[in-house]
Every structure is written in C-alpha cells, then in structure tokens.
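Heads up: the sequence shown begins at 1354 in this note's numbering, then just goes up one per residue.
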Amino acid sequence: MLRRALRQCYSLHRPTVPRHYRRFCSSSSSETTATTISIDRSTLYNPPEHAHHPTSDSELVKHLKGIIKFRGGPISLGEYMSEVLTNPKAGYYINRDVFGAEGDFITSPEVSQMFGEMVGVWVMCLWQQMGQPQRINLVELGPGRGTLMADLLRGASKFKNFIESLHVHLVECSPALQKLQHQNLKCVEEENGSQDTDVRTARSLFGTPVSWHAMLEQIPSGLPTIIIAHEFFDALPVHQFQKASRGWCEKMVDVAEDSSFRFVLSPQPTPATLYLLKRLKWAAPEEFAELNQIEICPQAMELTQTIVDRISSDGGGALIIDYGMNGVISNSLQAIRKHKFVNLLDNPGSADLSAYVDFASIRHSAEEASGEVCVHGPITQSQFLGSLGINFRVEALLQNCTEEQAETLRTGYWRLVGDGEAPFWEGPDEDVPIGMGTRYQAMAIVNKNHGVPVPFQ
C-alpha cells in the first residue's frame, strides 16, 4: 500500500506475511512425503499437504515432467528451482509483478524509501573512497520494481558530481519487471541507444543512463563498478543433500505413480557433489557433525567469483543484503504464495521459492577467487542502516507529517531495523509490524585499494 504524503519520501505495504516474515514464523507442522526420504519441515509455517485431486497440468508442469521423462530419472532440486523461477516461458518471475500486497511478498525497498536512501549513502561513501571517479558502473542484481534504485537516485540527486558519474545497469531477466523498472525510474528512451540489440538503454528522470542486461557478464568492463545485490542470492537455485547409509545423497525431484511430484534420493554422486565437498572443506567439523541435511548454492559460489573478478580488475565493490546465516545451512528452502506458505512441489511456477543465504560460503568463495579483495561482515541490517544514519533520517521526516504519516514512518522504520514484533503497535494483531533488523545481514566485498567501507570499520 503506497502512502503518498511525504509523497516522495517513503512507501509502505501491509501484507499478511511479508517476504522476510516467511523465513522465521515459529509454527511448524508435518506433511506427507516420499517414504524414501525424511524431510525436515520444522522451519515452515503450516505447510499444506499435497493436493492430489485431479487437475490439468500447467505448461511448466508438463515441461518439468517432460525433462524427467527424457532423462529417464529425477532432476536435482536446483534444476527444479531454476525452471520454476526463471523458465523463459512460464517461470515465476518472468511474466508478472510478484511484489507488494497484491503479489506474494514484500521487500525492504517497498517498506520504506529510507532503505534505498541508506544504500545510496553507502554507494556514495564508497565512490568517495575510490577517489570520486568521473565514470562508474552502478549495477543492481534483480532490481524488482526498481524501487531501491529510484530511491537511491532521488536521494543522491543533490550530489551533482556523483549522479553525473553513474551509468546504471540493471540485471533483470523478466520483461514484465523490466517494464516496471522503466516506469518507476521514469525513463525516456535514448534516441541513439546502444547498437547492441541485446542491450536496452534509456535515461532516468535524474539524467542517469540506464541499461538492462540478462547477466552480469554482459555489462561492459573497464570502469570501476559498484554492485548491489538485495534479496538476490536467496533466489538462486540450491541443492540439498541428505545423509544416508551409503553417504551423502542429493535430494532429487521425481514423478510419482499418481503423477504428482515427489522427493527421492540420488543412488550415486551427482555433479553438485563437487560443491558439497568444497563447502564441507570450508566448514569446521563441529558445524556439520550432527547434521543430517546440508543445503548448498553452487550459483552463489560462481556468482561471487564473477563479482570478485570484476572488482579485482576494474575496482569498486559489492554490497549483499539478504536473509541468511554465517555458517552451514541444513534445510531452508521455502515456497510462498499470496503471503502464505505452500508445498514446494505443488503447482510449480505459482509460488516464490527462496532459501537462506550462506554468507560464510560467499566469504570463502570471494577469498578463494582473488587476493585483491577484502570481505567485510556480515553485520545485521539494523547495524548497517543505523550506522548510515537512518535514525536521523526518520527523525527529520517526522518533523513535517501528519499523525497518520508518522504512524506509517514508525511502522516502516521498525520493519527495517527492529527485532520481532513492534512494541508500540496498537492495531490488529495480524498487521503487527515484524522487524527484520537482526534477521537480515549485510556483507561487503571491496577492492583492497579502497580501504574498509562504511560501516564495517
């Protein structure tokens, strides 16, 4: 729900269950699964049973079943997740706006414009530490509706030298979300745009050139680069392994006799086992000694290496903000539809899938990739935003607003930096603001030549 007093100062939605809330609801329940595997569902909130009544298969379901039939056996959970989220024709993110109260989840930029403003402060501080270069690439991975980037540019618009140095690059595979980003940045198409037909370039309301790309690798190199990855790593496909009598076996997705999807275990090592071995090598023995399941994200390791290669050669840094842990993760993959938890395998393509981010794995991947970067954090989102001045920002905004607007500001502020339920709330229990300040983490990867970025000193 967008509030327009302090009209360009903040936006706030009040979903039943925001995206961050789905990951720490305390209720748990059991569900029926394949008899060959034991699946820990204790972190899920009322996951429903499979719907076994006859239904007509969607195009994505037919596609998934076709892959399994063609292979002659099950596919990895990682491949399943990749197809569900980003299949070019029927993927969850491809053809719709999934954000906001009318979508499936809420992200921090949609809670309050203060989030994007504080990220902008971090970017400007790093730009200053880099010597205020006249030209830089500012990259956002998975920019959603473009809200974060719009708030960042608006908040920084007073700093002419900084704004004029930017070329914004948005890494987005969804045509529907590209359109929303274009609208929210109030872009005007360039008359003499890029000759590369795969790259779309426009100019934002603030005069900043904006280009869209399908992959980070497509962004031209040679300029210092600052990368923002907010709630991006959590949507990368994960692989899960379960300990069996024959050792670690990968959890796979197969088609059951009743034509529904089910989990099974791989009979032998899979390609992802190489990443499992790498992750176990990085972990202390006590971290996984008692675990029966382990979750890894090969694409997070590979993306981290790509980011490190870029900032090692061109200079700059990356900011990663997401929900996760600074250690081994056992089983966190969850599905949510219309702000409610659903079964991972029911009606694929109709629900968001995401998993905790393994920040320790990101750190090890970065340090292994290059000695030219330093990794800082993770620290809590509350520490990150507080050190950058969000407390002063909310106080300034409260000086000139109505009581209703003040309530909206306080609610948004709590959701960004608070911990648990807001103590000041007097409204309906189902709308109580849930703070994500200690549950979200911030990590920075920066070229060593730029020193230690704020607020990680």
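Cβ coordinates follow ideal geometry from the N, Cα and C atoms, glycine included.
Looking at C-alpha atoms only, which residue of 1569, 1512 and 1495 is the closest neighbour of residue 1533?
1495
Give every residue of the same chain whose Cβ lies closer than 6 Å to the Cβ of residue 1619, excluding the five residues on either side of it in the sequence, and list them in chain order.
1602, 1603 and 1605
Mind checking whether residue 1793 and residue 1676 have CB atoms under 8 Å apart?
yes
Starting from residue 1593, follow its DSSP beta bridges and name the residues at the other end.
1648
Taking the C-alpha atoms as reference points, what is the distance between residue 1713 and residue 1512?
35 Å
Start-to-end residues for the alpha helix (DSSP H) that takes in residue 1422
1412 to 1424
Is the region 1738 to 1747 touching the region 1468 to 1484 in the sense that three or more CB pairs, one from each, lie closer than 8 Å?
yes
Beta-carbon contacts of residue 1568 that lie in its chain and below 7 Å, excluding the five residues immediately before and after:
1524
Per-residue DSSP class, three states only, for residue 1730:
strand
Closest by CA to residue 1658, which one among 1698, 1716, 1695 and 1643?
1716
From 1591, 1519 and 1709, residue whose alpha carbon lies closest to that of residue 1436:
1591
What's the call for residue 1753, buried or exposed, on a 16-neighbour Cβ count within 10 Å?
exposed
Residue from 1706, 1698, 1682 and 1672 with nearest C-alpha to residue 1688
1706
Three-state class that DSSP yields for residue 1758 in the structure shown
helix
Can you tell me whether DSSP reads residue 1663 as helix, strand or coil?
helix
Using the three-state DSSP reduction, which class does residue 1763 fall into: helix, strand or coil?
helix
Provide the residue span of the beta strand (DSSP E) that contains residue 1578, from first to last.
1578 to 1583
Among 1771, 1763 and 1719, nearest to residue 1736 - alpha-carbon criterion
1771
What residues in its chain sit with their C-beta under 8 Å from that of residue 1641, if we drop five residues either side in the sequence?
1633, 1647 and 1681
What does a CB cutoff of less than 8 Å around residue 1698 pick up in its chain, not counting 5 residues either side in sequence?
1403, 1606, 1613, 1614, 1615 and 1616
Taking all protein chains shown into account, decide if residue 1424 is buried (16 or more other Cβ within 10 angstroms of its Cβ) or exposed.
exposed
For the alpha helix (DSSP H) containing residue 1694, name the first residue and the last one.
Element bounds for residue 1694: not the alpha helix (DSSP H) but the beta strand (DSSP E), 1693 to 1695.
Please classify residue 1561: does DSSP put it in a helix, a strand, or coil?
coil
Segment limits, alpha helix (DSSP H) that includes residue 1746
1743 to 1751
State the start and end residues of the unbroken beta strand (DSSP E) segment that holds residue 1556.
1553 to 1556
Residue 1726: beta carbon under 7 Å from a heavy atom of the ligand MN?
Annotation note on the ligand MN: not contained in the displayed structure, which lists no ligands.
Based on DSSP bridge pairs, tell me the residues matched to residue 1490.
1520 and 1578
Which word fits residue 1431, buried or exposed, when buried means at least 16 other C-beta atoms lie within 10 angstroms of its C-beta?
buried
Which one of 1515, 1529, 1805 and 1796 has the shortest CA to CA distance from residue 1733?
1796
I need the straight-line Cα distance from residue 1645 to residue 1596, nearest angstrom please.
5 Å
Mind checking residue 1774: buried by the 16 CB within 10 Å criterion, or exposed?
exposed
Neighbour-count burial assignment, residue 1504, 16 or more Cβ in a 10 Å radius:
buried
For residue 1303, count neighbouring C-beta atoms within 10 Å of its own C-beta (all shown protein chains included) and say buried if the count is 16 or more, exposed if not.
No answer is possible for residue 1303: the residues shown for the chain start at 1354 and end at 1810.
Taking the C-alpha atoms as reference points, what is the distance between residue 1691 and residue 1439?
19 Å
Assigned secondary structure, residue 1770 (DSSP; H/G/I helix, E/B strand, else coil):
helix
At which residues does the alpha helix (DSSP H) containing residue 1712 begin and terminate?
1712 to 1722
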